[in-house]
Amino acid sequence: MMDIVTLARFQFAMTTIFHFFFVPFTIGTGFAVAVMETMYVRSKNELYKKMAKFWGNIFLLSFAVGVVTGIIQEFQFGMNWSDYSRFVGDIFGAPLAIEALLAFFMESTFLGLWIFTWDRMKPKVHVIFIWLTAFASILSAFWILAANSFMQHPVGYTLKNGRAEMNDFGALLSNHQVWYEFSHVIAGAITMGGIIIAGLSAFQLLKKSQKAKDFFRKSLRLGLVISLVGSVAVITAGDLQMKDLVTQQPMKFAATEGNYKDTGDPAAWTLIAWANEKDHTQAFGVDIPYMLSILAYNKPSGSIKGMNTVNKELTVKYGNKNYYPSVNTLFYSFRVMAAFGALMFLVSALGLFFTRKKKPSLYEHKWMLWIIGLTTFTPFMANTAGWLITELGRFPWTVYGLFTMKQSVSPNVSVTSLFISNTVYFLLFAGLASVMVYLVIRELHKGPDYEEKKLETEAKINSDPFDKEAFS
Numbered sequence: 057m058m059d060i061v062t063l064a065r066f067q068f069a070m071t072t073i074f075h076f077f078f079v080p081f082t083i084g085t086g087f088a089v090a091v092m093e094t095m096y097v098r099s100k101n102e103l104y105k106k107m108a109k110f111w112g113n114i115f116l117l118s119f120a121v122g123v124v125t126g127i128i129q130e131f132q133f134g135m136n137w138s139d140y141s142r143f144v145g146d147i148f149g150a151p152l153a154i155e156a157l158l159a160f161f162m163e164s165t166f167l168g169l170w171i172f173t174w175d176r177m178k179p180k181v182h183v184i185f186i187w188l189t190a191f192a193s194i195l196s197a198f199w200i201l202a203a204n205s206f207m208q209h210p211v212g213y214t215l216k217n218g219r220a221e222m223n224d225f226g227a228l229l230s231n232h233q234v235w236y237e238f239s240h241v242i243a244g245a246i247t248m249g250g251i252i253i254a255g256l257s258a259f260q261l262l263k264k265s266q267k268a269k270d271f272f273r274k275s276l277r278l279g280l281v282i283s284l285v286g287s288v289a290v291i292t293a294g295d296l297q298m299k300d301l302v303t304q305q306p307m308k309f310a311a312t313e314g315n316y317k318d319t320g321d322p323a324a325w326t327l328i329a330w331a332n333e334k335d336h337t338q339a340f341g342v343d344i345p346y347m348l349s350i351l352a353y354n355k356p357s358g359s360i361k362g363m364n365t366v367n368k369e370l371t372v373k374y375g376n377k378n379y380y381p382s383v384n385t386l387f388y389s390f391r392v393m394a395a396f397g398a399l400m401f402l403v404s405a406l407g408l409f410f411t412r413k414k415k416p417s418l419y420e421h422k423w424m425l426w427i428i429g430l431t432t433f434t435p436f437m438a439n440t441a442g443w444l445i446t447e448l449g450r451f452p453w454t455v456y457g458l459f460t461m462k463q464s465v466s467p468n469v470s471v472t473s474l475f476i477s478n479t480v481y482f483l484l485f486a487g488l489a490s491v492m493v494y495l496v497i498r499e500l501h502k503g504p505d506y507e508e509k510k511l512e513t514e515a516k517i518n519s520d521p522f523d524k525e526a527f528s
């Protein structure tokens, strides 16, 4: 049955997931473009300049759509979650204001300078603009994650008049959850930027008539280097963040592992399973001995609390509520995220091996190019799965231990209004996605030489027919 809370949660999930398609897309491609232009400045190789301009167009498309989706996400907070906004307004006000007034304005300003000063600034000055843009986008993510981390692990506050009021801004910034989330998100964004560039380059290399083979081969290899570095960082940051959940959010951790009962010592890791969420039991599971202890504690010993035990503890601490999250969704979201993360690492490592100078055999095998091309879509799915874990695993809280979802929803919304707004947002997002895909494909069809050809054509049209050189 669709009630107000369910529809509001669905809308939050829809707007957040769609917005987060473009946040790491923008951060990652922006970083990659900065690397390309830096290589141009250092080597004076015009190919790197052409790469920076071409992939910069893809970056700009993502930036534009990301801004639009971000505005929609903020709007639905006030519309559906007004009581939540009142509760955390004093906490969220500072980081979100800094994000808008400092990070976003900085990002927009230097992005504009980067776009319009290619032929007006020296290369060493111009490259600074894109690095400042990339830094500002990362800084913007930090302030957003500082706010989100308060929802996961609230610190630096006092409760007054039914609201959380900030009493220690430094505690908000030093919250260990901020740094786990920040490192994980930024590493994932860098991986995504590299994978997208490598994947789109692979699709272009599959075309028989592709004239810019050297351009896309160079782009593919650079994209794989960036994604390899990023994927190693993602695995490291993700491992640290999941270990933190063992003590900070034990219900979320137990749900991602599908454990209703306390594990033995050592703890086995469940490869695949299905939970009977109504009866709070595991219908079936395939276990790997010792593995969960190794993953959680870096040693082949140690046990993990099950959801039934954690639920009893939470009931004693916070009162009689349902603290069980959506177990099957969390269980498989974690495995999707981890599997695609591992896949991106393997594709990056093997792709670099098979494109080495001595024997670049990858370009001769279409099936290899298809694998890299299809990997383009994996970071979108991995990021989505990661955010499902982050948000769904906190059930029933919006702010962990302080404020529930039922308390957070706006009192004056109705099922009808939410159904209409959900429909409108879905159609809007579908339209934006279609436009984004169309524009990216159009940029790929134009190719990296489009701008040069356009300038040559304009020069011929504007040339003086009586100029002596015209008859030479």
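Numbering (the numbering used here), first residue to last: 57 to 528.
Where is the CB? At the ideal position from N, CA and C, for every residue including glycine.
Using the beta-carbon count (16 or more within 10 Å), is H421 buried or exposed?
On the sequence shown, position 365 is the one that residue 421 refers to. Result: exposed.
Taking its Cβ as the centre, do 16 or more other Cβ atoms sit within 10 Å of L117, making it buried, or is it exposed?
Position 61 of the sequence shown holds residue 117. The residue in question, L117, is buried, as its Cβ has 16 or more Cβ neighbours within 10 Å.
Between the stretch 308-321 and the stretch 420-438, do three or more beta carbon pairs fall short of 8 Å?
no
What three-state label does DSSP hand N217 in the structure shown?
Looking up residue 217 in the sequence shown gives position 161. In this structure, N217 counts as coil in the three-state DSSP scheme.
Is F148 helix, strand or coil when you go by DSSP?
Within the sequence shown, the letter at position 92 stands for residue 148. DSSP places F148 in helix when its eight states are reduced to three.
Based on DSSP bridge pairs, tell me the residues matched to D295.
The residue given as residue 295 occupies position 239 in the sequence shown. Beta-bridge pairing links D295 to no other residue.
With which residues is W199 paired in a DSSP beta bridge?
Counted from its first residue, the sequence shown places residue 199 at position 143. In DSSP, W199 forms no bridge with anything.
Ends of the alpha helix (DSSP H) at G341?
On the sequence shown, position 285 is the one that residue 341 refers to. Here G341 belongs to no alpha helix (DSSP H); instead the beta strand (DSSP E) covers T337 to I344.
Inter-stretch contact (C-beta, 8 Å, three-pair minimum) for the stretch 256-275 and the stretch 499-506
yes
Using three-state DSSP, classify N136 as helix, strand or coil.
In the sequence shown, counting from the first residue as 1, residue 136 sits at position 80. Note: N136 maps to helix in three-state DSSP.
Identify the continuous alpha helix (DSSP H) that holds N364 and give its terminal residues.
Indexing the sequence shown from 1 puts residue 364 at position 308. Taken as a continuous stretch (DSSP letters only), the alpha helix (DSSP H) holding N364 covers M363 to Y374.
Starting from L158, trace the beta strand (DSSP E) in both directions and tell me its first and last residue.
Indexing the sequence shown from 1 puts residue 158 at position 102. L158 -> no beta strand (DSSP E), and no H or E assigned at all.
From S528 to A289, what distance separates their C-alpha atoms?
In the sequence shown, counting from the first residue as 1, residue 528 sits at position 472. In the sequence shown, counting from the first residue as 1, residue 289 sits at position 233. The pLDDT assigned to S528 is 47, lower than 50, so where the model puts this residue is not dependable, and the model offers no usable value.
With 16 as the cutoff for other CB atoms within 10 Å, does W426 come out buried or exposed?
Residue mapping note: residue 426 aligns to position 370 of the sequence shown, counting from 1. By the neighbour-count rule (16 or more Cβ atoms within 10 Å), W426 is not buried but exposed.
Confirm, please, whether the CB-CB distance from H240 to A197 is below 8 Å.
Indexing the sequence shown from 1 puts residue 197 at position 141. Indexing the sequence shown from 1 puts residue 240 at position 184. Cβ atoms of A197 and H240: not closer than 8 Å.
Just reading off the beta strand (DSSP E) that N332 is part of, what are its end residues?
Residue numbering aside, residue 332 sits at position 276 when the sequence shown is read from its first letter. Segment W325 to N332, the beta strand (DSSP E) holding N332.
First through last residue of the alpha helix (DSSP H) which encompasses V61:
As a working mapping, residue 61 is identified with position 5 in the sequence shown. It spans I60 to S99 - the alpha helix (DSSP H) in which V61 sits, taken as one unbroken run.
So for V469, helix, strand or coil by DSSP?
Numbered from its first residue, the sequence shown carries residue 469 at position 413. Residue state, collapsed to three classes: coil.
Between the C-alpha atoms of Q260 and I251, what's the straight-line distance to the nearest angstrom?
Taking the first residue of the sequence shown as position 1, residue 260 is located at position 204. Taking the first residue of the sequence shown as position 1, residue 251 is located at position 195. Rounded to the nearest angstrom, the two C-alpha atoms are 14 Å apart.
Measuring alpha carbon to alpha carbon, tell me which residue in V79, K105, F81 and F78 is nearest V91.
Position 35 of the sequence shown, counted from the first residue, corresponds to residue 91. That would be K105, whose Cα lies nearest to the Cα of V91.
Might you give, ordered along the chain, the residues of its own chain that have their beta carbon closer than 7 Å to the beta carbon of V496, omitting 5 neighbours on each side?
Along the sequence shown, read from residue 1 onward, the residue named residue 496 stands at position 440. Hits under 7 Å: I114 and L117.
Beta-carbon separation (whole angstroms), F206 vs V372, contact threshold 8 Å
Counted from its first residue, the sequence shown places residue 206 at position 150. Counted from its first residue, the sequence shown places residue 372 at position 316. About 24 Å separates the two Cβ atoms, so there is no contact after all.
Of the residues L296, V493, D335 and F475, the one placed nearest A64, counting alpha carbons only:
Indexing the sequence shown from 1 puts residue 64 at position 8. When each option's Cα is compared against that of A64, the closest is F475.
Work out the CA separation of N468 and L418 for me, nearest whole Å.
Walking along the sequence shown from the start, residue 418 turns up at place 362. Walking along the sequence shown from the start, residue 468 turns up at place 412. Taking the straight line from one Cα to the other gives about 59 Å.
Continuous beta strand (DSSP E) stretch holding W453: start and end
Numbered from 1 along the sequence shown, position 397 holds the residue referred to as residue 453. Here the beta strand (DSSP E) through W453 covers W453 to V455.
Could you name the residues of the same chain whose beta carbon sits closer than 7 Å to that of V403, not counting the 5 residues immediately before and after it, in chain order?
Along the sequence shown, one-based indexing puts residue 403 at 347. Contacts found: I427, I428 and T431.
To the nearest angstrom, how far is it from the Cα of A108 to the Cα of V89?
Residue 108 sits at position 52 when you count from the first residue of the sequence shown. Residue 89 sits at position 33 when you count from the first residue of the sequence shown. Cα-Cα distance, rounded: 5 Å.
In the DSSP output, what is T460 paired with across the bridge?
Position 404 of the sequence shown, counting from 1, holds the residue named residue 460. T460 pairs with W453.
Taking the Cβ atom as the reference point for each residue, do A190 and A159 lie within a distance shorter than 8 Å?
By 1-based counting over the sequence shown, the position of residue 190 is 134. By 1-based counting over the sequence shown, the position of residue 159 is 103. Cβ atoms of A190 and A159: not closer than 8 Å.
M222 in three-state terms, based on DSSP
Looking up residue 222 in the sequence shown gives position 166. Of the three classes helix, strand and coil, the one that applies to M222 here is strand, per DSSP.
Once you ignore the five residues that flank G84 on each side, which residues in its own chain have a CB closer than 6 Å to its CB?
Translated into the one-based positions of the sequence shown, residue 84 becomes position 28. The residues are A245, I246, M248 and G249.
Pick from T385, K413, T460 and Y494 that is closest to A441, judged by C-alpha positions
Reading the sequence shown from its first residue, position 385 is the one you call residue 441. Selected option, being the one with the closest Cα: T385.
Is it right to say E369 is buried, meaning 16 or more other beta carbons lie within 10 angstroms of its own, or is it exposed?
Working through the sequence shown from its first residue, we reach residue 369 at position 313. So E369 ends up on the exposed side.
Should M58 go down as buried or exposed, given a rule of 16 or more other Cβ atoms within 10 Å for buried?
Position 2 of the sequence shown, counted from the first residue, corresponds to residue 58. Burial call: exposed.
Compute the beta-carbon to beta-carbon distance between A220 and I154, rounded to the nearest angstrom, for a pair I have assumed lies under 8 Å.
Taking the sequence shown and counting its residues from 1, one reaches residue 220 at position 164. Taking the sequence shown and counting its residues from 1, one reaches residue 154 at position 98. Not a contact, Cβ separation roughly 18 Å.
Unbroken stretches of the alpha helix (DSSP H), 4 residues or longer, contained in the stretch 413-452
422-430 and 434-448
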